[in-house]
Structure formats: C-alpha cells, structure tokens
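Protein chains in written order, with the numbering used here: chain A, 36 to 1075; chain B, 1452 to 1919.
Where a beta carbon is used, it is the ideal one built from N, C-alpha and C, also for glycine.
Notes to accompany the following structure.
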Amino acid sequence: MENKNKYWKGLEELNNDPKFLERKRNEFAEGIPLEEVLTEQDGELTSNRRDFLKYFGFSVSAVALAACNKAPVKQAIPYIVKPENVTPGIPNWYATTNPETGASLLVKTREGRPIKIEGNPESPVFKGGVSAIEHASLLGLYDNERLKAPNAEGNEVDWNTLDAKITSGLAGAKNIRLVTGTVNSPSTKRAIAEFTAKYPAAKHISYEPYSHAAIIDANRALFGKAVIPGYRFDKAKVIVSFGADFLGTWISPVEFTKQWASNRKVGTSGGGKKEMSRHIQFESNLSLTGSNADVRFPIKPSAEGALLVSLYNKIASLAGAAPLSGAQNLELALNMVELTAKELWEAKGSSLVVSGSNSIDNQALVCAINHLLGNIGQAYDLDNYSLQSTANDFGFQQFVREMNDGKIDAAVFVNTNPAYNYYNAAQFAAGLKKVGLTVCTNSSMDETAMLCKFHAPDNHYLESWGDAEPKAGYYALIQPTISPVFNTRQASESILRWAGNNTDYYTYVKATWSAMGVNEATWNKSLHDGFMYAGPKASQSYPIATAPTGAAAIAIQNYVSAKDKTELQVYAKVGIGDGTHANNPWLQELPDPISKVCWDNYASIGKVTADKLGVKDGDLVKIAGKNFSIESIPVLVQPGQANQTVSVAIGYGRTEGGKVAKYVGKNAYGFGWFEGDTFRYTQPDITIEKVAGSYELAQTQTHHTIEGRDIIREASLKEFVKDPKAGNHKHAHIISLWDERDSKGHRWAMAIDMNACTGCGACVVSCSAENNVPVVGRKEVLNSREMHWIRIDRYYSFKDKNGKTATRETGLAGNMLKGKEEGLITEDTNFEDVRVAFQPMMCQHCGHAPCETVCPVLATVHSSEGLNHMAYNRCVGTRYCANNCPYKVRRFNWFKYRENDKFDFYMNNDLGRMVINPDVTVRSRGVMEKCSFCIQRIQGGKLKAKLEGRSLKDGDVKTACQQSCPSDAIVFGDVNDPNSEIAKLFNNERSYVLLEEYNVQPSVSYMTKIRNVNEPIAGDHASEGAEHGAKEHQHESAHS
Amino acid sequence: MSYESPIREPLVTGGKTYADVTRDILRPLENNASKSWWIGFSVSAVVLAIWIAATTWTMLEGIGAWGLNKTVGWAFDITNFVFWVGIGHAGTLISAVLLLFRQKWRMSINRSAEAMTIFAVICAASFILSHMGRPWVAYWPIPLPNAFGTLWVNFNSPLVWDVFAISTYFSVSLVFWYIGLIPDIATVRDRAEGLRKFIYNFFSMGWNGSTRTWHRYEMISLILAGISTPLVLSVHSIVSMDFATSLVPGWHTTIFPPYFVAGAIFSGFGMVLTLLVIGRVVLKQENYITMGHLDAMCRIVMLTGTMVGLAYITEFFVAAYSGVEYEQYAFINRASGPYWWSYWIMMTCNLIAPQVFWTKWARSTPWFIFLMSIIVNIGMWFERFVIIVTSLHRDFIPSSWTMYTPTITEFAILIGSFGLFFTLYFLFCKYLPTINMAEVKSIIPTHAHDEHHQEADHSTIEKGAAHG
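Below, the structure is given as structure tokens:
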C-alpha cells in the first residue's frame, strides 16, 4: 500500500506558493558560491564549511589522480585500416625455412613483426627442433647495422641506377665469377642458370668457409655419387664418430640431434624400452658430441687417418675382406680400435661411422668402412642425401689464383665473406683489387663488403621469398613474415635482375615450383606447411668403384710424421659457428656448451700440454703454424683436450661487420690451408709459446665438478636394465614444519631427461627471445651477472690413479669430506679422460620456495597452480630471495639494461627493441627476475582452450625451452593430470629432484643419466640400495 | 648520595667539585672550537663527502656499481649494516643494562656511548636503504596502509622483523638519550646567553630542576632502561635471523642470536674504547673517564670476545655433528677456502687478540687499548664479511660458485660511513655535553666539596676515609 500520508514543510508548500516552488527547484538553498570564491573581496573568504569540504575533497582527489599518472603517456594508435589477419594481441604464425640450414621453422609475428622462431613440428626431417643460431637469426632482422640501401662506389643510389651500372659492367666483362655459399634452392639455381646463360663468361662457385667438400669428393670417388649422404643416427645402434661434432656444428646438427636422441631415451618413451645406442667418439677437442658420447678417445688430428685405416683393417678381417696394405705394423696408442671394430661388426647394417675431417682420404676410408659394415642405404643413405653443404673448395681456390693472375674482371659475392674467412684473406684481398667490377650482396658492411664497389644488400630471410631443398626431395618454402625493414632486395632477385629478368621473385619461385609439376593447391598447402616432401626414396645398392688403397699410406705417413709434434685444429663453436652471425649479441652471450666461455675464443689446451708450456687459464700464448700465427690468444686449460693438441675456434676476430662482432676474439681461419682438393682445418706442426700478459675469459660457470654432491645421478645401461632405479635409490627422510599446499586444479611441472639433453644451448637462446632476457656483455659476464633464465650446468668428472671417480678438488674440504669410494682431483689426474654431464637449470618453482618466505614485500609468491610468481613492480630489490635460492636461478637487474649506452646491444635502439615479446614485461633496474615457466604461454594456452570451449589438454602449453629442444629432453605439463606425459615422468624410476632433503619440493624433476658403458657407475647403490631404498620408502610413507 | 667505600677506587678522580664538573664538561661547548676539533671535523666531513658521492653514484647507476653477482647477493652492504648495528649495542648495554644493575661507573661514559649508538644506527640504516635495488620504494617493507589494495608486507620475512627491530631500537635509543640530556641541556641553558640560550632553552623542555622534575626524570629513565634492556638482546637477535632463518649453509644456524648479541657487545665496546681513549685526552676528561673505566671495558671486551670465539668453534662442531655435507663444506671452506684469510683475520682479532686483557698491563695502557679496540673493530667487520660472503659464494650447486671482489664504490661507502659517523660524533662533542653531568655529580666523592681539595688521587680517599 502506498503511504498516503503526506507531510508539508509549511503552508507555502501546501499552497504551492510560487516563491517556494522556485526555491525548491534549486536543490541548494544558496547555490554554489563559486563565483564568490573566485572573486573574493577584501581577502575575505566567503565560502562556508561545506564548500570548503567540497573543494578540499575535489582537490585531494584531483591531486591524487594527477599524482597517479607517474608513467609517461604513450599513445597506442589503432589501425585506421586494419590489415588483413592482424589483430592486436593475437599472434600470427607463418611457416618458413632458414636458408642456411634448411630447417623448417614457424615464425610468430605480433602486429606484423616477427618476435619468435620455433621449429616446425610437422617437418619429417627437422621435427620441430631449432638450433641456437636459428633462434638468434631473428635478431639479425632487427640489426640496426645492416646495410640500409643499395650503394655504388660509396654513394647511396636507387636500385635502377645500381642495376644499370652492374649490368653494363657485367656485359663488358670477359671473366665473371658468381661466388655464393651453399645453394640448394631450386629457384636460386634457376636464377643462377639464367645469369650464366646471359653472361657466358660467368661461372658459379659455391664457397663455404668451414667446408664439407671432402665428403662429397670421397663419395664421388667411391660410389660415384657426389653428395653428402643422408646420415641416419636413429638407425644406428653403434655410432662411431671421428671428430664429427654432429650434435653441435656438423652439417645438420638439429636433425642429427633429433635422430640421436631417439635412441638415447631409455625407460621413458617407446613403452619404457631399455635399449640405447652406443656412441664412441674419437676427437681432439672436447666437442659437444664427444661430451655426450658413451666412450670418448682423445686423439691427435693426425692420428685420425691411421685409426681409420686400422679400423678398416680390423673390420675387414672380421668380414673376411682384404685389408689395406701398409698398416699392419702400425702400433696405435689406443688399442680401443679393436673393440670398436668388434662392436661395429656386431651391429653391422645398423651402425654408422662418420668423420669431421675435410681430407678426402679420411672420408674415403669412412665410406669404405660404412660399406664394409653394410650401412649403405641404412644409416648411410646415398639416395636421400643432404644438400645442406655444396661447397666446392677447389673452385674457390682456383678463383683466388685467377684473381691474383688478373684474369677475373667481375666478381659477385652473394652473402659470402672470404675477406674474413678465407684462410689466406690477404691474398684474396690482393686479388680482389685486380678485379674491375666487384659486387656484394652481403647484408652488413663486413670485411668483403668493405672491399667491394657495389653493394646490393640482401633481405633478411624473414623478409624474403624463396625455396630450398636441404635434403633430396624435401622442398621447403621461404615466405616473408614482414615487409623489408630497409631498402634492400633479396639476393636471388638481384641475380635475376642482372640476368635481365624483371619478374618479381615471388612469381619466379612459384613458376619454378609449377615447372616441378606443383599445382596451385599443392603450392598453397606447401606454403602453409612450409615444405613439400613425398617421402624417402628407396635405396639402391652402391658398389665401391675403387678401394681407398692410396689413402692408407698417406694416413700412416701423416701419423708417423706428426707423432711428436704439437698439432692444432680449428673448430666451430655451437653459438658462433663460422662467424657469419658474430654480430648477434644473443649468440655472443650464449656460453659455449663445453667451456662455458662467452664473448671470446681461446686456445683450448690439455692439462699435460699446458703444464709443459707453463701456462694456465688466462695466460696469453703465441701460436705459430705454417704461414700463419696468432700473436696472442688466451689459454683455456680444457679437460678432455687431447695432449699435444691445441684447438682454436673460428668465427671470431671479425674486423668489420658490426659493433658486437668487431674484435671479439681472434681470427683462426688463417690456420686453414689447402691440400688435395679441399681446405684443411688442422695444422700438424705448430709452436706455442707463452707471451706476456693475461686476459680473463668470461665464463658463466667457474666451478666445473659436482664436488661429490648428489646433483647428478647416473647409472650404466647394464645397471639400469637390471634395476631401473639404479643410481636413484637415495631418498630423503623428510620432516616438514609447513602445511602442505593445496594442489587442486593445475600444477605445472617440468621433467628433464639428462640422457637426452646434449647441452646445445638452443633453449637458452629460445628463452632469451621469448622472455626478453637482456644481453649484458662480456664485462658483466666476467662479473657473474649474466641474466639467462635457463642455464645448462656442465660438470666434469675424472678418474684418479686408482680408477676411482674423482669430482672433488684436492684441499682440506676434499680430503675431509670424500667418501671411501671416491678419489680426488689432483695434479696427476688424467684430465684427458673426462666424463661430462649436462644439467639444464632454471627456476625450480619449489612448492616450499625458500625465496618466498624471505621477501619482505611479497614480491615473489606462490600461485595456486604451483608456480613461483615474481611481481616485478612490487620488488624492492633486497636480493634476499636470490641469496636464499639453493639453485641460484634468480637474476637481479644490476643496471638498466635497455636504453643504456653501456649496454649497446639491441635493447638500446628502436629497431632492436622490435624483437621484444609484448607479452612479457621488460624488467626495470633493481628488480629480481627468473624463469616463470613461460607463464604468458600458460595463460595463452588457457585462454585458447577457453575460447574453444574445452579444458586444457596435455601438450597445449609448451615452454620456450621445451619447444625448441632438439632432443626433446624437456617435458612440461600438469602433474595433476594423471594422463599427462609429465605425470608419468614424475613417477618414472629415473626421476629425482635436486636437494630433496631440504624439502623445498621442486617442480622440476631430472631423469638419471644412463651411459652405455661396461663399468658400473651407480656402483654398490644399485644392488644394495634397492633394499635400502625400499626401507626408506616405508619410512617416508609412515611419515606422510 | 653514593656510598664511598674506602677500599674502592673513586669513580671520579681529581677531587672534582660540582662546579668543576660543569666547567670541565662544558668547556668545549662554551669556548671556540679547538684546533684539534676542527681538524677532526674537517677530515670527517671530507670522508662524509666520499660517502655521499659513492652512495649517490650507486643510486644513479644501480647496484651494479658494486661487486655483487648472481651468487653473492649481499657482501659489503649487509656486512656494513650488521657491523654498524653491532657497534650501537654498547651504548644501550651501558645505559640500560648497567643502569638496572646499578653499575655507577657507567655514568661518565653512557652519554657518549648512547650518542654512538644513535649515530651507528643511522649508519646502519643508510645501508638498508642503499642496498635496495629500488631505494625509492624503500618504504614498502613498512606495513603502511596503502593504495595498493590489500597488499601487505610479508610478516614471515626476517627483513620485515628487521624493519621493526631497527626502527624500535633507534626511536627508543633516541628518546632515552634525549631524556638523559635534558638536565644537562638545562645546565647549558642556564649558563648561555643570546641565541644559544634560546636554542638550549627550547631543547631543555622547561626543565626547572625541582624535586618533582627530578623524580619524574629518574622514573622515566628507569622505565626506558627497562624497555631498552630487552632491545639489547632482541635487535641483534633479529638481525641474526636475517641469516639464521635462511637455508644457506653457514647461515642456517640456531646459535646465531646469542652469538650475534655477544659479538655486538664486543664490537660496541671496541668502538666505545676507540672513541673514549682518544676523547678523554682531547677533551681533558681523564678524571671522569678513568683508567678504571678502561679497565672495566677491557674486561667486557675480553669476555665477549671469548664468547664469540666459543661460538666460532661451536659452529664447527655443529657442522661436523649435523652430518650435512653442505654445512660441513661451508665451514671447511671458511677456514681453508679462497677467503681463508678473512676467516683467520676474524679468528685472530676476535678470539686470540682480546686474550691479552688477562694482563693488567694491557688493561691499563691506553695506547695499547686503543690499538686493541681497532683490532676488535676490524675483527668484527670481518666476522660479518666471513659469514655473509664465504657462505654465499659456495653454496649448494657448484656450477654457481663464484668469487666476490668489491669495487672502489663499495670501499668508498664503507670508509665514507665512518665519515658520517664521525661527523655526527664531532658535532655532538661540540654542541652537547659528552658526559652526563647530572649523574656524574651524584658520584663524585662528597668530601670533594671541602674547600681544601686540590690534592688528587689516593690522598683524597684517605682523607675522605678519615673524615668518614
């Protein structure tokens, strides 16, 4: 019922007095005396208490609001015309191909700019693996020091002018050379063909600074097929490698790592299979591959041929074939050849012998051995061969000679840099001076570009169209993911223009493919997939045309003559490779997987040799070889380095090519030479002497052993087969003060298979790209302040005189703490015989995180999904969390790393900052940061599932490190999902967590390392521990 | 009035009268600054300038200006912090604990010891501020109501406990010191003129010397002493928990609280000795701060030094007994690792050196006491360095082991913090009475007011005894 009662304020209201009504309309009897206040008279305030409160309230809130606006305003301008397929905040993915390795990639673009490279998991060859160099190639796109426009004789010109000048020059030339790197692109090949057709005086030379030409030549000589065979490490039960770093730098490391790892995972995949390949490595320097081998023999480079001869003869005697003559009386220091031969023979048809040598003789022996073993068509596939390196060393050598003879009048260099990486760069430069027309398409002002008159800078491959055929029959497409940043033109198109063809390159590639019989639908599918592959060809039989009899005598001669000499070998590093990408700060800062040195190369010398020379880490030495010497280079005493050998990495000592690349390390290409038909990378007789001074190398890890601690758990395959928990019986007796955390919903966790992890470092670069991890430079690495969120710990272990495992350094601590079965690392430890373990380490996202309890401001807290969060903008920077982190994975922003001239890498210019992932905060100075388990990806995965109206399934969320791992060593997922892979791995017998006894409950679990060796590793623990472990288990369950 | 035993040595010698006390102690206040004061003050001010420059540089550049790294997240900064907090402890101990125990000898040294406490805590607080990555948000660890919603501090974190402990300590010490100063400020006021009179008048808070004011003064002193006494124990206990509650091997030790308190008193007395051995001569206060005082403080130094030494040895025993490999390694590494020298400096200065105070000669030779006080300070600085750096630089995972090398900036801040301390101390000496006149007057021998008092020392006592 409505209340009918009505109250009047007075008679005026009852009578509807007009005056009253007038006043009633104005809510405030007196109105707001704003004007009065503003025109205050006689200094007397006319406002009353209410007004005062109003103004006060308004001004306080206005001031508060104004004060809140601390950050400078940055305008985000919406698209006026929205480009097709570009939605702000939503990434687009494009399939493309890295032209250097042929790897199939997926490129993530945000608002039109590529920000991340991932592998293409659909590729049957590369299977989603990406190397560190491929990851880092993204940053090359945003390199501010690329050539920004065409240039003729020092003047910036437009393309038409440049083309006119070049074509007129070419037309008048009598001898033209087109020098390219490896060309496996059908379209580029066609363009080159058009070029040479237009200029009959032109010849195409394929040049690689770190060449595999000997493999091609040897296969041509023995099998009549001039190719690099398709190696299949997944088909090999026994792998014997002579100095081939196939997991790190040799031909196609990502592909090989995928293959190799598939035979290394035991007890976790393939229904828990308990077989693994046996990997034997003979090498001089400790390579990534050698450090992952089951058995490793340090040898001098000159011994390789002799060992191959010996191996051939041993296998021949087992096979009943004729041995090579002249090798019988040879006594080799290592009698392991016999055993290796036996193992290979037992696995005949499913074994593989490879060599990293560029000597045709050695490679011929390798061909012959594989032939004897019946590996042709199996692990040594001549039908599905590789086109990833098509170098012609002889052709280039001849070209340099012709230039010096003044016979060449035009030279076009397509992305090659012989002025830096040819062994006799001075001769090359002298010859080039005699060439009338010099054209260069190199995308930066590098050593060769400096010497050339015309510059037609190439696009970055992420701006280009193109194709590739890295493996026979595997056709891959390159598509642009961004329009050219600068006024550049892709090199193949330039060649086409100079050949007089004005077709745009996209049409040209498409035409090439339609000439191959590809229709529109297949083209579209290939463009979408990134590749087109009909599957492997059936293998044929390849009889040996001529046995490598001549090779034997030479090999033995080399061995005998170099016996007492100190030898040098140049090698490539996983990050820097041949030095093409030396201007890439991500790669410079990537620590070498073995030495953990970044930003430098060095003379890697074994302990015995170093002692003889009287040098230690950081001393400077002069190395003099035939025709070349390095005046001073720092020494790194490297365990595993063969005695009487020195190894120096190529790719350093650039004198041009960008501020990052310049003067980092020393150029070691000069130690190369030419013999037979190939470039050689070893020097059989060098002299080393100590010179004055010292130079500190920036290492991210300065202590190299586990000091007997329970950090790396390992067992031999035999022990593992007998007892899957071998080496993993120790379990802590846990007492807790804390309540267990609720574990409902997701609980994110990671498992790392230490048997699969090769330590290659691809994850480190991938993580840096994904999470905007800054580059800090050599000086800051020396200060132990690298920012990497994931690191790969590398530990050495040795044997003492009595054959006991030695991981502790001599000293009071070592002597007092070592166990009975343990040895100590002393002066007389054999440092050549080293065992290596890799352990990727990132934030362990502890359930009871020690960092969380000590933070005064709750900047690091636990999520309900088991993650350890870091709230950057709450952090005050006390660094207590980092001190209290037992895994030392927290990284502090010691400086402002962006827009700071002291850190002039890529975050100091607008173009470089384009690479920043917009999903991840760029951290400010003074805050702590660390691995977040790629929380942006977790959230992205959840959002996607939500939009699709489904629950998250296993594999929806992949961390950056996991996604790029070439050996699939990292698995990430939700352990609360019982069907997930991670949940299974957590329950696997091989699974253990670090520092379990501290009950910090890490979310990262490691899988024991299983080595395929004969001697026991887990030791007594395996048998006795089983009982013990069971007992401990009961303990544990009684307590929980 | 105090009872004078004929056997005990008098606490104030020289047969001083009440007037003498006032005159002697106010001499530096009422005359132009001496040359030695100017020299000392100027040197301190220059060193303070170094501190300002180095701290400013750190604030501008970032903590990267220091030598810290991914593994060693604290070094000079927290070493200095704990060092200065420790220095402060003697003041509180002297003024509070000794007051409660009615140790009258404290009366002539408590003022300067308390001043030292306050200045040392200021120095310590400066390190809390400057060690932060983002010092401009240094107030975040204080549980203030804020605009961040329900965001609060982490009461589990020992750093928050630290904030409470240090701020309580500082405010209580300051109030205690100031209350103690009021009667003396009033004395200065009464003798001053002009602006000085106005200022001292303001700070004397209307002191009129009535029985009621004296009564209240003594009550509040007693209450504040009661409040301060637990602080002597709590502050350094809580500072020690910055380490003890962590799981870093070498930090994670239950022995820390008593061990740190003993160490703090040890270093505090070291610093008091440093200041007074010089100060009593320069300010001509030998009759107030007598050899008896020095002797007593030397005994305390020896006692507390032996206590910390015992703690060092106990730590080794516990590490060995624990069976924890990481702990064992941490302690062996302390004594024999790359920083062995810092450990042995600590051992020598803190445990071995103070044992000389068993001899009377050592306790009664001022130059030697001064030398020892410096040694004690060096030793105690190294104790904190050893605990912090040698524990952190090699912890659980050997791959992360690093070395720590300080930068010039860190040395400048360390040295500069002494500039801050001494600048404040010199100002104190010039503008405030360094000895509590009011209290000292209560302990001078009553016969000293006899008119013929000029003879000094024992004859006075004998005379007094005869009179008594």
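Exercise for the section: Look at the Cβ atom of ALA617/A, then the Cβ atom of ILE665/A, and state whether they are nearer than 9 Å. Expected result: Here residue 617/A is taken as the residue at index 582 of the first sequence, counted from 1. Here residue 665/A is taken as the residue at index 630 of the first sequence, counted from 1. Result no, Cβ atoms of ALA617/A and ILE665/A do not sit closer than 9 Å.
Practice task
Name the two residues that bound the continuous alpha helix (DSSP H) containing ALA1781/B.
Solution key: Here residue 1781/B refers to the residue found at position 330 when the second sequence is read from its first residue. Membership of ALA1781/B in the alpha helix (DSSP H) is indicated by the continuous run 1776 to 1787.
Problem - 9 Å Cβ cutoff, GLU929/A in contact with chain B - result: Numbered from 1 along the first sequence, position 894 holds the residue referred to as residue 929/A. Contrary to the premise, residue 929/A reads as Trp rather than Glu in this sequence. For TRP929/A, the answer is yes, since a Cβ of chain B falls inside 9 Å of its Cβ.
Problem - Inter-residue spacing [alpha-carbon to alpha-carbon] between GLY1542/B and VAL800/A - result: To locate residue 1542/B, count along the second sequence from 1; it is residue 91. To locate residue 800/A, count along the first sequence from 1; it is residue 765. Going by the C-alpha atoms only, they are around 55 Å apart.
Practice task
Quick one: which residues of the region 1753 to 1784 of chain B get their C-beta closer than 7 Å to a C-beta of chain A? List them in chain order.
Solution key: Hits within the stretch, in order: GLU1776, GLN1779, TYR1780, ILE1783 and ASN1784.
Problem - Chain-ordered neighbours of VAL1533/B on chain A, where CB pairs are closer than 7 Å - result: Locating residue 1533/B in the second sequence gives position 82, where the first residue counts as 1. Against chain A, the beta carbon of VAL1533/B has no neighbour under 7 Å; the closest one sits roughly 14 Å away.
Handout entry: Bridge partners - ARG715/A, DSSP secondary structure assignment
Key = Counting from 1 along the first sequence, the entry for residue 715/A is found at position 680. DSSP, once it has assigned bridges, lists TRP708/A as partnering ARG715/A.
Handout entry: TRP634/A to PHE1720/B span [Cα, whole Å]
Key = Position 599 of the first sequence holds residue 634/A. Position 269 of the second sequence holds residue 1720/B. Distance between the alpha carbons of TRP634/A and PHE1720/B is about 51 Å.
Handout entry: Per-residue burial, LEU100/A [other beta carbons within 10 Å of its own, 16 or more giving buried]
Key = Reading the first sequence from its first residue, position 65 is the one you call residue 100/A. The residue in question, LEU100/A, is exposed, as its Cβ has fewer than 16 Cβ neighbours within 10 Å.
Exercise for the section: Examine chain B for any beta-carbon lying closer than 9 Å to the beta-carbon of ASN818/A, and answer yes or no. Expected result: The count along the first sequence starts at 1 and reaches residue 818/A at position 783. Using beta-carbon distances, ASN818/A counts as an interface residue toward chain B, with a partner under 9 Å.
Practice task
Would you list the residues sitting across from ASP1009/A in a DSSP beta bridge?
Solution key: As a position in the first sequence, residue 1009/A is number 974, starting the count at 1. Beta-bridge pairing links ASP1009/A to TRP783/A.
Exercise for the section: Could you tell me if GLN294/A is buried or exposed, where buried requires 16 or more neighbouring beta carbons within 10 angstroms of its beta carbon? Expected result: Against the first sequence, residue 294/A aligns to sequence position 259. Sixteen is the threshold: when 16 or more other Cβ atoms of the shown chains lie within 10 Å of the Cβ of GLN294/A, as they do, the residue is buried.
Practice task
Express the C-alpha separation of ALA249/A and ASN18/A in angstroms, rounding to a whole number.
Solution key: Nothing can be reported for residue 18/A, as the shown portion of chain A is limited to 36 through 1075.
Practice task
Flag this pair as yes or no: are the beta carbons of ASN807/A and VAL955/A separated by less than 9 Å?
Solution key: As a first step, residue 807/A is located in the first sequence; it is residue number 772 there, counting from the start. As a first step, residue 955/A is located in the first sequence; it is residue number 920 there, counting from the start. Yes; because the gap between Cβ atoms is below 9 Å, this pair is in contact.
Problem - is_contact[GLU498/A, chain B] using C-beta, thresh 9 Å - result: Walking along the first sequence from the start, residue 498/A turns up at place 463. Nearest CB-CB separation between GLU498/A and chain B: not below the 9 Å threshold.
Handout entry: Any chain B beta carbon closer than 9 Å to ALA97/A
Key = As a position in the first sequence, residue 97/A is number 62, starting the count at 1. No, ALA97/A lies away from the interface with chain B (no Cβ there is under 9 Å from its Cβ).
Exercise for the section: Could you work out which residue in ARG1585/B, ALA1770/B, TRP1488/B and SER1495/B is closest to VAL1699/B when comparing CA atoms only? Expected result: For this step, residue 1699/B is matched to residue 248 along the second sequence. Taking only the C-alpha atoms, the option nearest VAL1699/B is ALA1770/B.
Handout entry: Beta-carbon neighbours of ASP828/A, restricted to chain B and to distances below 9 Å
Key = Numbered from its first residue, the first sequence carries residue 828/A at position 793. The contacting residues are ILE1848, PRO1849, SER1850 and SER1851.
Practice task
Below 7 Å between beta carbons is the criterion; list the residues of the region 1682 to 1714 of chain B that meet it against any residue of chain A, in chain order.
Solution key: When CB distances to chain A are screened at a threshold of 7 Å, the residues of the region 1682 to 1714 of chain B falling below it are SER1697, LEU1698 and VAL1699, in chain order.
Problem - Opening and closing residue of the alpha helix (DSSP H) in which PRO1634/B lies - result: Start at 1 with the first residue of the second sequence, and residue 1634/B comes out as number 183. Taken as a continuous stretch (DSSP letters only), the alpha helix (DSSP H) holding PRO1634/B covers 1609 to 1642.
Handout entry: DSSP beta-bridge partners of ASP828/A
Key = Residue 828/A sits at position 793 when you count from the first residue of the first sequence. According to DSSP, ASP828/A bridges with GLN874/A.
Handout entry: Distance, SER166/A Cα to PRO1001/A Cα
Key = As a working mapping, residue 1001/A is identified with position 966 in the first sequence. As a working mapping, residue 166/A is identified with position 131 in the first sequence. Annotation: PRO1001/A to SER166/A spans about 7 Å, alpha carbon to alpha carbon.
Handout entry: Proximity below 9 Å, CB of PRO1817/B to CB of LEU1745/B
Key = Here residue 1817/B refers to the residue found at position 366 when the second sequence is read from its first residue. Here residue 1745/B refers to the residue found at position 294 when the second sequence is read from its first residue. Yes, the Cβ-Cβ distance between PRO1817/B and LEU1745/B is below 9 Å.
Practice task
Ignore the nearest five residues each way along the sequence and tell me which others in ALA1061/A's own chain have a CB closer than 8 Å to its CB.
Solution key: Position 1026 of the first sequence, counted from the first residue, corresponds to residue 1061/A. Legend: pLDDT at ALA1061/A = 42, less than 50; position of this residue unreliable, no value from coordinates given.
Exercise for the section: Taking 9 Å as the cut-off, decide whether the C-beta atoms of ILE251/A and THR425/A are in contact. Expected result: The residue given as residue 251/A occupies position 216 in the first sequence. The residue given as residue 425/A occupies position 390 in the first sequence. For the pair ILE251/A and THR425/A, the CB atoms are nearer than the 9 Å cut-off.
Handout entry: Contact under 9 Å by Cβ, MET963/A with ARG933/A
Key = The count along the first sequence starts at 1 and reaches residue 963/A at position 928. The count along the first sequence starts at 1 and reaches residue 933/A at position 898. No Cβ-Cβ contact shorter than 9 Å links MET963/A with ARG933/A.
Handout entry: Simplified DSSP assignment, three categories, for ILE274/A
Key = Taking the first residue of the first sequence as position 1, residue 274/A is located at position 239. Note: ILE274/A maps to strand in three-state DSSP.
Handout entry: Where THR680/A falls: helix, strand or coil (DSSP)
Key = Indexing the first sequence from 1 puts residue 680/A at position 645. In the structure shown, the three-state DSSP call for THR680/A is strand.
Practice task
Compute the distance between the beta-carbons of THR132/A and TYR496/A, then report whether it is under 9 Å.
Solution key: Within the first sequence, numbered from 1, the residue matching residue 132/A stands at position 97. Within the first sequence, numbered from 1, the residue matching residue 496/A stands at position 461. Result yes, Cβ atoms of THR132/A and TYR496/A sit closer than 9 Å.
Problem - Short CB-CB distance (under 9 Å) between TYR540/A and chain B - result: Sequence index remark: in the first sequence, residue 540/A carries index 505 (1-based). No, no contact with chain B.
Problem - Cβ of VAL1036/A within 9 Å of any chain B Cβ - result: As a position in the first sequence, residue 1036/A is number 1001, starting the count at 1. A small correction: the amino acid at residue 1036/A is Gln; Val does not occupy that position in the sequence shown. For GLN1036/A, no CB of chain B lies under 9 Å from its own CB, so it is not counted at the interface with that chain.
Exercise for the section: Please state whether DSSP places CYS633/A in a helix, a strand or coil. Expected result: One-based indexing of the first sequence puts residue 633/A at position 598. CYS633/A carries a strand assignment under DSSP once its states are collapsed to helix, strand and coil.
Problem - Residues that ALA1589/B contacts on chain A, provided the C-beta gap is smaller than 7 Å - result: Position 138 of the second sequence, counting from 1, holds the residue named residue 1589/B. What ALA1589/B touches in chain A: VAL911.
Exercise for the section: For ARG715/A, collect the residues of the same chain with a Cβ closer than 8 Å to its Cβ; drop the 5 residues on either side in sequence, then sort them by chain order. Expected result: Taking the first sequence and counting its residues from 1, one reaches residue 715/A at position 680. Cβ neighbours of ARG715/A beyond the five flanking positions: ASN393, SER394, GLY707, TRP708 and PHE709.
Practice task
Decide yes or no for the touch test of the region 738 to 756 of chain A against the region 270 to 283 of chain A: beta carbon pairs closer than 8 Å, at least 3 of them.
Solution key: With contact defined as three or more Cβ pairs closer than 8 Å, the region 738 to 756 of chain A and the region 270 to 283 of chain A are not in contact.
Problem - Under 9 Å from the C-beta of LEU1843/B: neighbouring residues of chain A - result: By 1-based counting over the second sequence, the position of residue 1843/B is 392. Against chain A, the beta carbon of LEU1843/B has neighbours under 9 Å at ASN918, listed in chain order.
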